[in-house]
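For the sequence shown, our numbering assigns the number 26 to the initial residue and increments by one for each residue that follows.
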Amino acid sequence: MRPILSLLTSIILVFSALQAGIPDENDQQFKAFEDSLKSLIQAGNYELATKIYCSRLMEDSANFDQLYNLNFGPESPEEGYKYLMKVLELYPDFIGTEAGLIYCCFELNDLKCMKKHLIALHDKSGMGDFIEEYNRNMLATVEPDAIIFTNGDNDTTPALYWQYIHGFRKDVSIVNLSMLNKPGYIKRFKHNDPQVPMSFSDEYIDEHLDPVDTTTIGERYLPEGKKWVSIETPEGAYEWEIPATKHYDSLGSDASEKNALRVQDIMVMDIMRTNQGKRPIYFAITCSNVNLMGLKDYLTMDGFAFRLLPEKRGAIDPEKLRINLFEKFKYNACINFNSVTHCTREPWYRGPLYPMIKGEKKLAQNYRSAFLQLAYYYYQQDEAGIEPKPNTALEKQYAQFNELSSKAKMYLCLKCMGKCIPDSSIPWTNENIVIQVGRIYSDKEYFSDAVDYFKKALEMNSNLPAAHFLLGQAYISLGNEESARMEYEILKTMDADMAEKLLDIID
Numbered sequence: 026m027r028p029i030l031s032l033l034t035s036i037i038l039v040f041s042a043l044q045a046g047i048p049d050e051n052d053q054q055f056k057a058f059e060d061s062l063k064s065l066i067q068a069g070n071y072e073l074a075t076k077i078y079c080s081r082l083m084e085d086s087a088n089f090d091q092l093y094n095l096n097f098g099p100e101s102p103e104e105g106y107k108y109l110m111k112v113l114e115l116y117p118d119f120i121g122t123e124a125g126l127i128y129c130c131f132e133l134n135d136l137k138c139m140k141k142h143l144i145a146l147h148d149k150s151g152m153g154d155f156i157e158e159y160n161r162n163m164l165a166t167v168e169p170d171a172i173i174f175t176n177g178d179n180d181t182t183p184a185l186y187w188q189y190i191h192g193f194r195k196d197v198s199i200v201n202l203s204m205l206n207k208p209g210y211i212k213r214f215k216h217n218d219p220q221v222p223m224s225f226s227d228e229y230i231d232e233h234l235d236p237v238d239t240t241t242i243g244e245r246y247l248p249e250g251k252k253w254v255s256i257e258t259p260e261g262a263y264e265w266e267i268p269a270t271k272h273y274d275s276l277g278s279d280a281s282e283k284n285a286l287r288v289q290d291i292m293v294m295d296i297m298r299t300n301q302g303k304r305p306i307y308f309a310i311t312c313s314n315v316n317l318m319g320l321k322d323y324l325t326m327d328g329f330a331f332r333l334l335p336e337k338r339g340a341i342d343p344e345k346l347r348i349n350l351f352e353k354f355k356y357n358a359c360i361n362f363n364s365v366t367h368c369t370r371e372p373w374y375r376g377p378l379y380p381m382i383k384g385e386k387k388l389a390q391n392y393r394s395a396f397l398q399l400a401y402y403y404y405q406q407d408e409a410g411i412e413p414k415p416n417t418a419l420e421k422q423y424a425q426f427n428e429l430s431s432k433a434k435m436y437l438c439l440k441c442m443g444k445c446i447p448d449s450s451i452p453w454t455n456e457n458i459v460i461q462v463g464r465i466y467s468d469k470e471y472f473s474d475a476v477d478y479f480k481k482a483l484e485m486n487s488n489l490p491a492a493h494f495l496l497g498q499a500y501i502s503l504g505n506e507e508s509a510r511m512e513y514e515i516l517k518t519m520d521a522d523m524a525e526k527l528l529d530i531i532d
């Protein structure tokens, strides 16, 4: 374990760190600040620790995420709760405190107290309508009694809000991967309903799954940076090479190379092994690649979660994805994006309505990604069927979905995407994807829609020769030679060879 510094040394180091600013979390000064703050907390000096911590936040809220991690310094959730309640008492408008208190209460299995802080986080716009609806759709994605591994606060606390405040999908175990490095958090899932299957005893968890103890870190050392893993289940076997996921200085090797597994990785594998197909297992699609542990070949996207299955399947389960997108998901916050509340990354509560933030724009693209993957699946099929007129109401088209041609199913997916995630309030972030949507429309002879998407891509970036060429082609297919020649004139200044190809088509 890390040594506890003397109180005097702690205070000196804290103020030294404050004077120097808070650098990268791996920097020695940052670690000194973290260790010192922990020491003050462990010595029971919550007020001094709180004042130092919050004064730094007010000076430099840009480093909110780094500083917020210090909330989880105490060894026990009881101590963490005392500390954070002191923070809340002195600084009631500090939003992040509520999230920390939620995790403490969850670990202590004090559900009444957790509900109180979930409501407080919600009321201080620590979630926001858009994030809440996204999390509701994530929970709607998974099968009954599922275990879902989540990435961080934005796909955990709002999901808990749905479970414990709205009573929605309480059968699901929401396991935050970053918190799964804590022995107390692990044991909470082992002993409380709905229980998560795991083989480790409490003694083993305490002695061998400490995230910072140098001895236990050595047990997770991967000298070659990878490890072959095989897990047998009644449904089949998982066999894959897991890469090292974290670098520990104490294990040596190049600092730029990962050299060990984290506690969370050990726990995910143990849950897979112990579960034996009893409960469906998912990863939230917001999980980073490193948190997927090399399991991508065994993951199938059903919506806002990847289903973990021992047999290797396609990238999506088209039937489950269709049902989730068209029948289970809600889109109110997407359609009314500019008038709903949004999650804020500001640490201080400043009112009920926040402007859209960059992170939510990025998250909203997950809706489009799901629709596009389903549309592309139908694009690749060649099934005959009903071809509704383009102006037929989308609801009427979906009512006869099974009778539609694959081409019509593709068209319906793309049209519903545009209706549910409107460009006017949720802009596209990648012009190349917009071009690909235009090409899909064009290949299936929906040329007017193709024109709209090629023009949209050029609004995002006018210096795209391929978009000008494809737009010119689409105009020709619509019989609009004048507009096609205008694209040719623009293309001449950008790519002469491509311009000549377009001219050949025009002539």
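Ideal Cβ placement from N, Cα and C applies to all residues, glycine included.
Leaving aside the five residues that flank Lys251 on each side, the residues in its chain whose CB is nearer than 6 angstroms to its CB run, in chain order, Glu266 and Pro268.
Linking Met511 to Ser449 through their CA atoms gives a straight-line distance of about 27 angstroms. Leaving aside the five residues that flank Ile127 on each side, the residues in its chain whose CB is nearer than 8 angstroms to its CB run, in chain order, Met139, His142, Leu143, Leu146, Thr182 and Leu185. Between Gly302 and Glu260, the CB-CB gap stays under 7 angstroms. For Lys353, the closest alpha carbon among the candidates Glu412, Glu158, Thr325 and Pro222 is that of Glu158. Judged by beta-carbon spacing, Ala285 lies beyond the 7 angstroms limit of Arg332, meaning their Cβ atoms are not closer than that value. Collapsing the DSSP output to three states places Ile120 in coil. Of all C-beta pairs linking the segment 430 to 438 to the segment 400 to 414, three or more are shorter than 8 angstroms, placing the two stretches in contact. DSSP places Glu257 in the uninterrupted beta strand (DSSP E) bounded by Lys251 to Thr258. Where Ala262 is concerned, the enclosing beta strand (DSSP E) starts and stops at Gly261 to Pro268.
Considering only Ile256, Asn300, Asp295 and Glu249, the residue with the shortest C-alpha distance to Leu276 is Glu249. Here Cys129 has Pro102, Gly105, Tyr106 and Leu109 as same chain residues with Cβ atoms under 7 angstroms from its own Cβ, once five neighbours each way along the sequence are excluded. In this structure Leu516 is in contact with Leu527, their Cβ atoms being roughly 6 angstroms apart against a cut-off of 8 angstroms. The beta carbon of Gln425 sits closer than 7 angstroms to those of Ile411, all from its chain and outside the five residues before and after it, given in chain order.
Across the structure, Ala165 and Asp279 are spaced so that their CA atoms are roughly 43 angstroms apart. Membership of Ala389 in the alpha helix (DSSP H) is indicated by the continuous run Lys383 to Gln405.
It is roughly 20 angstroms from the alpha-carbon of Ser313 to the alpha-carbon of Pro305. In the three-state DSSP reduction, Ile310 falls in the coil class, being neither helix nor strand. DSSP, reduced to helix, strand and coil, places Lys444 within a helical segment of the structure shown. Boundaries of the beta strand (DSSP E) around Leu333: Ala330 to Leu333.
Checking the DSSP bridge columns, you'll see Leu109 has no partner listed. Its chain contains Trp453, Tyr478, Lys481 and Ala482 as the residues whose beta carbon lies nearer than 6 angstroms to that of Val459, once the 5 sequence neighbours on both sides are disregarded; these appear in chain order.
Burial check for Arg338: the Cβ neighbour count within 10 Å stays below 16, so the residue is exposed. With distances taken between CA atoms, Tyr229 lies nearest to Val288 out of Ala499, Lys387 and Val288. For Val200, the uninterrupted beta strand (DSSP E) segment begins and ends at Ser198 to Asn201.
Ile291 sits in a helix when the DSSP states are folded into three classes. In this structure, Ile446 lies near Tyr392, with their beta-carbon atoms less than 7 angstroms apart. Per DSSP, Leu324 is one residue of the beta strand (DSSP E) stretching across Leu324 to Met326.
Within the same chain, and ignoring the five residues on either side of Lys355 in sequence, the residues whose Cβ sits closer than 7 angstroms to its Cβ are Glu158, Arg161 and Asn162. When DSSP reads this structure, Ile172 sits in a beta bridge with Ser198 and Ile306. Note on the segment 197 to 234: whole beta strand (DSSP E) runs with a minimum of 3 residues are 198 to 201, in chain order.
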